[in-house]
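Count along the sequence shown from 1, add 1, and you get the number used in our numbering.
Just below is one structure, and these are the notes that go with it.
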Amino acid sequence: MPNLVFVRDPRLRTLFGLSLAVLLITLSIMYVRIGTIRGPLIAHFDSYRGIDATGGRLDIFLLPVVGLVMLALDMALASALYFRERFVSHLIAFAGLALSLLILIASFAIMSVNL
């Protein structure tokens, strides 16, 4: 297992911490707003064709969970590359934060369609 250098580097710690916080906030808001809805939920809505995809609560909650898995992979990859290419590890951390914010936006879009 690679040495987890993001614990020592303040930039990486901040970026990965913000990414983790965004994903956990996304999960908690989704649980509060969608957790009690029974039946199928709208997963994708197109203004031209209408509802394209539906799914259950598990399908909707899978989006931030996959984001958490990808964040863990980003942490491992950034730690492995830190001593060779520090810039690349910071780039990976910024990309992880951008992905977390995009997941937050997509989750709010899914919640707004279903409520």
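Where is the CB? At the ideal position from N, CA and C, for every residue including glycine.
Predicted model, so just to flag it, every value in this text is computed and none were measured.
Query                                                                                                                                                               : Result
Can you grab the Cα-Cα spacing for the pair leucine 78 / isoleucine 93, in whole Å?                                                                                 : 8 Å
Could you round the C-beta distance between isoleucine 104 and threonine 15 to whole angstroms and report it? I think they count as a contact, below 8 Å.           : Their Cβ separation, rounded to whole angstroms, is 19 Å, which puts isoleucine 104 and threonine 15 out of contact at 8 Å.
Smallest Cα separation from serine 113: which of Pro65, Leu42, Arg9?                                                                                                : Leu42
Cβ of leucine 21 within 8 Å of Cβ of leucine 102?                                                                                                                   : no
Kindly indicate which three-state DSSP category isoleucine 38 falls into: helix, strand or coil?                                                                    : coil
Taking all protein chains shown into account, decide if leucine 63 is buried (16 or more other Cβ within 10 angstroms of its Cβ) or exposed.                        : exposed
Residues bridged to isoleucine 43 by DSSP?                                                                                                                          : Thr55
Could you check the C-alpha separation between isoleucine 35 and leucine 116 for me, to the nearest Å?                                                              : 8 Å
Look at the alpha carbon of leucine 74 and the alpha carbon of arginine 9, and state the distance between them as a whole number of angstroms.                      : 18 Å
With distances taken between CB atoms, is the gap from leucine 59 to leucine 24 smaller than 8 Å?                                                                   : no
For leucine 13 and serine 108, I'd like the C-alpha separation in whole angstroms.                                                                                  : 25 Å
Leaving out the 5 sequence neighbours to the left and right, which residues in its chain are closer than 8 Å to proline 65 when beta-carbon positions are compared? : Leu24, Thr27, Leu28, Met31, Ile104, Ser108
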